[in-house]
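Written out below as structure tokens is the structure these notes cover.
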Amino acid sequence: PLIVLIHGGPGPASANSFTADWYTWAPLAASEGWLVLEPNYRGSFGYGDQFHNEVFLQPLSRPGRDILLGVDQLVNDGIADPNRLAIGGYSYGGFLTNWLITQTTRFNAALSGAGAVEYVSAWGTVDISTFIPSLFGGYPWEVPQNYLNESPIYHLSQVRTPTHIITGEKDVQVDSSQSFILERGLHYLGIPVQLLVFPNEGHELNKNPWHGKMKVREELKWLHKYGNGSSTIMKD
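The numbering of the sequence shown is the working numbering, which starts it at 9 and goes up by one.
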């Protein structure tokens, strides 16, 4: 089975390194029997200014296409099983996870961590007020169509993927209300969904060392239940 783990940012690229923590747990997923794809999509650093700048104006759809092309290549090469695919990410990786489950039904399971779904309200609650307008090419009243086109909430009826959602109660970078909106929408649509809110945590999940372990453990359980992956589950 294949799990696509999408880095945040969008700038900081995934590197060929061994890191195992709550945010970067590709080695752990591999040890659980998963093939892991960590795509450096349009907007990632390290591939030149043009590659990075192509995330602007299409901050979800453009990198989203890159990610799906990577999945297609692995399937076409016979490396990944097209019937055993899952996707997940945190922060901007959560943004893209939320977007991609509205664009395709090919993923059996999704893991959304601190991901936005509606970018007008996200702009109103984010701690860096210029971040979202810089991605979308202006403020909501200047380019409303960009916000409409690229916000997953307006495409949510297309989702068929069981989705596990993580958020920190006191996150000021991606307000927890974004996760509440996603959970409520999927529940209304009859899509299997689970929301886990970590008390007193911000964006980094660094207040309680157990929270990181709980995050990964619950995500692996979700993959086991819906992603057709390994039967091995992390123990408490």
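Positions of the beta carbon are idealized from the N, C-alpha and C atoms, including for glycine.
When the alpha-carbon of His-211 is set against those of Val-134, Asn-236 and Glu-150, the nearest one is in Val-134. Under the 8 Å Cβ criterion, the stretch 149 to 161 counts as touching the stretch 64 to 71, having at least three qualifying pairs. Between Phe-139 and Tyr-155, the C-beta gap is not smaller than 8 Å, which leaves the two residues out of contact. Positions of the alpha helix (DSSP H) runs, each at least 4 residues long and wholly inside the stretch 127 to 151, are given as 127 to 133 and 139 to 144 in order along the chain. Annotation: Phe-59 to Pro-207 spans about 38 Å, alpha carbon to alpha carbon. Using a 10 angstroms sphere on the CB of Ala-38, the tally of other CB atoms stays under 16, which defines it as exposed.
If you look at Gln-202, you'll find it in the beta strand (DSSP E) that goes 201 to 206. DSSP links Gly-121 through a beta bridge to Tyr-98 and Ile-174.
For Val-12, the enclosing beta strand (DSSP E) covers residues 10 to 14. Note that the stretch 163 to 179 does not touch the stretch 75 to 86; fewer than 3 beta-carbon pairs, one per stretch, sit closer than 8 Å.
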